[in-house]
Each structure stands twice: as structure tokens, then as C-alpha cells.
Amino acid sequence: MALAGFRKQLNKANQYMSEKIGGAEGTKFKDDFTHMERKTDLTNELVEDLLNKTKEYLQPNPATRAKLTVSSKIKGSKTHSYPQPEGTLGDSMCKFGKDLGEDSSFAQSLNEMGEALREMAEIKYALEDNVKQNFLEPLTHLQSKDLKDVMHHRKKLEGRRLDYDCKKRRKIKGTHITEDDIKLAEDKFEESFNLASMGMHNLLQNDVEQVSQIAALSEALYEYHTQCANILESLTSRLMEQKNESANKSPEPYVPKKLHELNLNVGHDDTSPGTDHFNGYNADFNQFDGQFYNPISTTAHLLNGKTIANNHQQYRNNKSPGSETPQKPSNLFLDTTNANSTMRSPNASPLPSPVRSPARSPEQRNPCCQALYDFEPENANELPFREGDMIQLKTQIDDNWYEGVLNGKSGLFPISYVQVVVPLGH
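Numbered as in our numbering, the sequence shown ends at 426 without a single skipped number.
Here it is in C-alpha cells:
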């Protein structure tokens, strides 16, 4: 039996190569059969494309679809639904509307809009269930059962045709082929032809079921949009009433306040220069060789080989008790130009001091973000955090997910849950 099957495969390969290369003529089917084949191929492509495009319509984000597909295949993982954009926007509006307070008309309108969007998200989930049950599942059954059987019979028909044409061609050339072998190949070829023809005929004549599936999709979309339109109509009416109420309210004028009304303790800064003292030193000056002396300078200078300590205490002791009190400097703030000219000791070094404060290097900040809400992970590769946590950013996976590090743990988290402080690539 295995030898007969091997010979049959050789015959099919021989006939196939003879037709493609040698120009051998094979059995030709009638036009009605080739027409059914063409329509069957189109139906097969149509069902495959409808399944993919309908799923994209219900769940537009490809990254989220891929994540849901992977998580559904992981054993033990939680099953969760596709996050509808209406629900995400509604949650954001309700959150900030609550934070603004109930006394604000703007906050009330945010809450109204957010609740309406949440209801639309629930209706979208109902639309998904309806479309999957009444449209996608029948198409999937058609693809996996009817179309698969028809394609199987057509493939088997092509193989038996090649075997029949090969034996017939070899019989004409005088090769040792018995009439029984040709008769057996012809019977199998005829059987496969009838099975394939019947399968394609039944598939193409099933218009009632296929039209009912299209009608179910249309009905589901009509019901979804009707419910959304009713919600938006009621919402618009309420928002217009709030708009009119807000317009009729007279705005509260702003009243400027005086500083004493704020109950602030206004005092003098201890580090600012006073009337008679500057940083703990008297604002005196001493004469040395007819020049003004800066009492703040305590630098030791070398003059004629002798060290003179120019400190404040020494020159205060050298003052005569009856000396006239000198005038105070006009500018009590330290100034490098003034200190090196008029308020400068004659024994001071002509060069400025080489000691300088080291320049502070600019602070290096890594990409990071701050959590706006608590995030509870549903998979092992996601990163949990609490509101207010600072998360170090590693990379952006797509438009909806970041990868970051918190407390030494790395994982994925949604972009909408955080506010970027230092962006990636900074």
C-alpha cells in the first residue's frame, strides 16, 4: 500500500512538471466549474479579511490587541477586556471634576460628560459581545468548517487529476499501464470532482445565512449608535442648561488686599547690613599712611621683609582716643572694584587672591515621571506603583506603555497613569 502511494506521488510530480515545463495538456474543466472556483477563492479571501478588519474596528489599538492576545494565552493570567477610549476619557474627566469641587460649574460639567462617556464605553462592550456572537463566530465557523472542506476536496481533486492524466499519457506512449489502473484513476478523479463541485455549489448558494450575518452586524451598529445618540442628546441638553445658568451668574469681582490684611510677620533680615554694623564689624575706617583702610580685610602682607597683620583689632588699638570719627562708606556692600581701590591698604598685594570657589557642575537628571494614580498590575511583567511615586523611565514601548524602574524593580505601566517630569532623551 505504501508502494502504491509512492508511485502515485511520482505520477503526480511527473505530470505536474510535464505540464509546467514540457507543455503537456491536462484535463480541462468546464467554464461553470472554473467560475465556481474563482468565486470560492474570493469568498475565502473575503472571510479572512472581514474577520481581521472587524476586530480592528472593535479594538483599534494594535498594541493593546496584541497584549490581550498574549495574556489570554498565558496560563493563569487574568482575563481583562479591551480598554475603551470613551471609558478612559470619562475616567479622566470624572477624576478632575471631583478634584475641582462640586461648587464649580465647570467641575459639574466634567462629571456629567465623564459619566456619559462611561455609559458609552459600557455600550461599546455590549456591541463587542453582540458582533462577536452574531457576526464573527458564524464567519469563523464558515472559515474553519465549510471553506476548509471545500479547499480540501479541491486539493484532492487536483492530485487525482494529475494521477489520471499521467497514466493516460503513459498509456498513449505505450508504457505498461493496464486498463484497470486507468479505470481506477478515472473513478477517483470523478468522485473528487463531484465532491468539490457539490461543496462549492452549496457554499455559493448559502446567501440567506450570509446576508443574515451582515444584517446582524448592521443591527448591532444601529443599536449602538442609537443608544450613544440618546446619551449625547440628554447630555447636551443638561450642559446647555448649565451653560445658561453660568452665563446668568454675575462674576465675583476681585478685591485687592493690603499686605497687613494677610497677617504676615514682616521683619528685618538678620544678614542685611544695618546702620552701624556690617557682618559684625564696625563700619569704621582707619588711616594708614594717609589711606583708607578696609577693616574687613585680615590678609597678612609682606612689606620691607616684615609681616604686618592687617586685622581690624590691631588698627583699632592704634587709633588715638581723640581722633575724629571718620565718615561711613557710602556703599556698605562688598564690591571688588571698590575694595581694590579706595578701601584698600597700601600694604596689600597688587594681585587678587588666587583662591576661588569651585564651579558647581550642573545637576544631572535622569528621565523620570510621577504617578498620577495607583496602578495595580494584572500580569507579572507590569510595574505596580502608588500615586506620587517617582519612576525612572527606561524606554517607551508604544503610544500607551512605558517601561520603568521603581525601588529596583523593572516593568511596564500605562502612559496615562503618569506625568513625565524629565522626558526620555533629555
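Don't be surprised by glycine CBs; every beta carbon is placed ideally from N, CA and C.
Just checking my contact of residue i with residue j at CB under 8 Å: how many whole Å lie between their CB atoms?
i	j	result
N370	M390	According to the sequence as given, residue 370 is Gln; it is not Asn. About 6 Å; that satisfies the 8 Å criterion.
Y417	F375	5 Å
Q227	I123	5 Å
E102	Q108	7 Å
K171	I177	5 Å
G159	A121	Going by Cβ atoms, the distance from G159 to A121 rounds to 52 Å, so no, they are not a contact pair.
L204	D146	Not confirmed; about 11 Å, so no contact.
The alpha helix (DSSP H) spanning residue i covers which residue range?
i	result
T34	D31 to L58
S218	D207 to N248
P138	E137 to H141
E186	E179 to L204
Cβ atoms of residue j and residue i: under 8 Å apart, would you say?
i	j	result
T40	V150	yes
L100	Y82	no
L232	E112	no
F189	R161	yes
E382	G411	yes
L58	E86	no
N400	P423	no
N366	Q396	no
M198	M36	no
L139	Q84	no
L372	F385	no
V131	L217	yes
S105	E241	no
D398	A185	no
S71	N379	yes
K394	G408	no
Quick check on the DSSP output: the beta strand (DSSP E) that includes residue i runs from which residue to which?
i	result
K394	M390 to Q396
G411	K409 to P414
E158	Per DSSP, E158 belongs to no beta strand (DSSP E); it is in the alpha helix (DSSP H), K148 to I172.
A371	C368 to A371
L406	W401 to L406
Q419	V418 to V422
Quiz prompt | Three CB pairs or more closer than 8 Å across the region 211-225 and the region 111-129 | solution = yes
Quiz item: Is the region 189-196 close to the region 46-58, with three or more CB pairs under 8 Å?
Solution: no
Self-check item: Entirely enclosed alpha helix (DSSP H) segments - the region 91-132, minimum 4 residues
Solution: 105-131
Quiz item: Does the region 247-261 come close enough to the region 165-173 that 3 or more CB-CB pairs lie under 8 Å?
Solution: no
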